[in-house]
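Structure record follows, encoded as structure tokens.
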Amino acid sequence: MNLFEKELMDKKTNYFIIDSSSSAEHNDVDFKYYSYQNRNNNQLHKNDLIIYRRSGSGSEWGNEFYLYGAGKFGDVIAKDPQSGNDIVAIEQPYLFSHRLMKQNLRTFDWKFRKFKGKWSNFFNMNGITKITKDDFVGLLSRQLDMSKETSNLSLAEESIAVKCYQAERKEAYFIGDEVKGTPSRRAVDKFFTDKVKFIYHYKSALTGDTDEDNLVAVRIVPWEDDPKIRLDPRNGICLTKKLAKAFVQGYFTLTDDGRITLSNLASAEPIINKTLNKYKNRKIYMNKQYSPNKKYLNYHREHIFKR
Numbered sequence: 001m002n003l004f005e006k007e008l009m010d011k012k013t014n015y016f017i018i019d020s021s022s023s024a025e026h027n028d029v030d031f032k033y034y035s036y037q038n039r040n041n042n043q044l045h046k047n048d049l050i051i052y053r054r055s056g057s058g059s060e061w062g063n064e065f066y067l068y069g070a071g072k073f074g075d076v077i078a079k080d081p082q083s084g085n086d087i088v089a090i091e092q093p094y095l096f097s098h099r100l101m102k103q104n105l106r107t108f109d110w111k112f113r114k115f116k117g118k119w120s121n122f123f124n125m126n127g128i129t130k131i132t133k134d135d136f137v138g139l140l141s142r143q144l145d146m147s148k149e150t151s152n153l154s155l156a157e158e159s160i161a162v163k164c165y166q167a168e169r170k171e172a173y174f175i176g177d178e179v180k181g182t183p184s185r186r187a188v189d190k191f192f193t194d195k196v197k198f199i200y201h202y203k204s205a206l207t208g209d210t211d212e213d214n215l216v217a218v219r220i221v222p223w224e225d226d227p228k229i230r231l232d233p234r235n236g237i238c239l240t241k242k243l244a245k246a247f248v249q250g251y252f253t254l255t256d257d258g259r260i261t262l263s264n265l266a267s268a269e270p271i272i273n274k275t276l277n278k279y280k281n282r283k284i285y286m287n288k289q290y291s292p293n294k295k296y297l298n299y300h301r302e303h304i305f306k307r
């Protein structure tokens, strides 16, 4: 990967998976700062490369860990006066195109340690696990292979994708069409697509289909209609491609509790009509924390739905 080309060529570079709570309270801000217990863990040094891991206890997904990004260990910029930890800047931040869940790692050929089929104690309990260069490169390749549509972003777009991640965690959902002269749409799509699919456990909210090649993170309120909510995952639903197309075209909408309402107008594509009739009056799966915003659903009913 071009972003880490220099570090990967340097034989002095070490590689780690680090757990992050992403808590400003603990001076952990994903892709920006990392609170490092240097007194007890003198392993990480400037220019080492890291992969972020959300542990099961900090996970939003049923207590299941996942890997979600990478970066470079930078300079110590401050010391925590209470803990004495070093506050380290994270440089060259990179957001994964696809979170790597347990199911995506079962067949991964780990080099730093033999995987024996159980994840308990596979990663170090102190939250810092040294891995090999092959592990680091392999994990980056795996997440790219799982989301080829966002595998060719420019460095400027990759930077925007990271900023989208950080903004969403602060519930700041606005983004313009450009950021410092760089079109934002592809970068936003990288962040938004995986966030929405992750919320729905990489399944269609309606059919339960798990074939990721057939899944789309569809916007309830279209991109061009409201830049203030472009980063809000509650404006997204994970659907199969055919159902996503029908939703965007207004051939069905959703009630506030997620029940399908069909349009009186039929699509010109018989296969879409057949699919819609199959799921008439069904309810979509709704994540309690990230269920679709009712205001957005109302907008879809009023402005997109064909009556």
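Just so you know, the sequence shown maps onto residues 1 to 307 in full-length UniProt numbering. All residues carry an ideal CB built from backbone N, CA and C; glycine is no exception.
Taking the continuous alpha helix (DSSP H) assigned at residue i, which residues delimit it?
i: PRO233; result: Element bounds for PRO233: n/a, residue is neither H nor E.
i: GLY138; result: 133-145
i: LYS242; result: 241-248
i: SER120; result: Segment: none, SER120 is in no alpha helix (DSSP H) and carries neither H nor E.
i: ARG169; result: 155-169
i: TYR299; result: 294-299
If you run the structure through DSSP and keep just helix, strand and coil, what is residue i?
i: ILE220; result: coil
i: LYS114; result: coil
i: GLY74; result: strand
i: PRO227; result: helix
i: THR275; result: helix
i: HIS98; result: strand
i: THR13; result: coil
i: LEU44; result: coil
i: LEU215; result: strand
i: ASP209; result: coil
i: THR193; result: helix
i: GLU149; result: helix
i: ALA266; result: coil
i: GLY62; result: coil
i: LYS203; result: coil
i: ALA187; result: helix
i: LYS6; result: helix
i: residue 320; result: What the structure shows of the chain is the stretch from 1 to 307, and residue 320 is not part of that stretch, so it cannot be assessed.
So, does the CB of residue i fall closer than 7 angstroms to a CB anywhere in chain C?
i: ALA70; result: The chain labelled as chain C is not found in the depicted structure, where only one protein chain is given.
Since I believe residue j is in contact with residue i (beta carbons under 8 angstroms), could you give me their beta-carbon distance rounded to a whole number of angstroms?
i: ALA161; j: PHE123; result: So it is not a contact: roughly 25 angstroms between Cβ atoms.
i: LEU49; j: LYS72; result: 6 angstroms
i: PHE174; j: ARG230; result: 7 angstroms
i: LEU155; j: LEU100; result: Rounded, the Cβ-Cβ distance is 22 angstroms, inconsistent with contact.
i: LYS46; j: ASP28; result: Not confirmed; about 18 angstroms, so no contact.
i: ILE90; j: TYR34; result: 6 angstroms
Between the options, which has its C-alpha nearest residue i's C-alpha?
i: ASN152; options: LEU139, ARG186, MET125; result: ARG186
i: ILE87; options: PRO93, PRO81, ILE77; result: ILE77
i: ALA217; options: TYR251, GLY181, HIS98, GLU157; result: HIS98
i: MET286; options: GLY236, GLY138, GLU212, PRO227; result: GLY236
i: LYS245; options: LYS79, LYS195, THR107, ALA268; result: ALA268
i: LYS306; options: GLN289, LEU254, LEU67; result: LEU254
i: GLY84; options: LEU297, GLU157, TYR36, GLY181; result: TYR36
i: ILE199; options: TYR94, GLY69, SER291; result: SER291
i: LEU8; options: PHE136, THR261, ASN264, VAL248; result: PHE136
i: LYS242; options: ARG169, ASP189, THR275; result: THR275
i: LYS12; options: SER20, TYR34, GLN43; result: GLN43
i: VAL221; options: GLY250, GLY208, THR240, ASP211; result: GLY250
i: ILE304; options: ILE131, SER263, LYS197; result: SER263
i: SER204; options: CYS238, ASP145, GLY56; result: CYS238
i: GLY117; options: GLN103, THR129, ASN126; result: GLN103
i: SER21; options: ASP257, TYR66, LYS288; result: TYR66
i: ASP30; options: ASN14, GLU302, PRO81, PHE96; result: PHE96
i: ASN2; options: THR132, SER147, VAL196, PRO93; result: PRO93
i: HIS201; options: LYS6, SER59, VAL248; result: SER59
i: LYS111; options: ASP209, ASN281, LYS130; result: LYS130
i: ARG171; options: GLN82, LYS228, SER120; result: Here residue 171 is Glu; the residue named in the question, Arg, does not match the sequence. Checking every option, the nearest Cα to that of GLU171 belongs to LYS228.
i: ASN293; options: ARG282, VAL248, PRO233; result: PRO233
i: GLN166; options: LYS280, PRO183, LYS283, TYR68; result: TYR68
i: VAL179; options: ASP109, SER147, LYS163, LEU215; result: LYS163
i: ASP145; options: ASP213, ASN121, ARG169, LYS133; result: ASP213
i: THR261; options: LYS280, ASN298, ASP211, SER120; result: LYS280
i: SER147; options: LYS278, PHE4, ASP189; result: ASP189
Just list the residues that DSSP pairs residue i with in beta bridges.
i: THR182; result: VAL179
i: ASP86; result: TYR36, LYS79
i: ILE18; result: TYR52, ILE128
i: GLU91; result: LYS72
i: VAL29; result: TYR33
i: LEU67; result: ARG53, LEU100
i: LYS283; result: ARG259
Taking the continuous beta strand (DSSP E) assigned at residue i, which residues delimit it?
i: LEU254; result: 252-254
i: LEU262; result: 260-262
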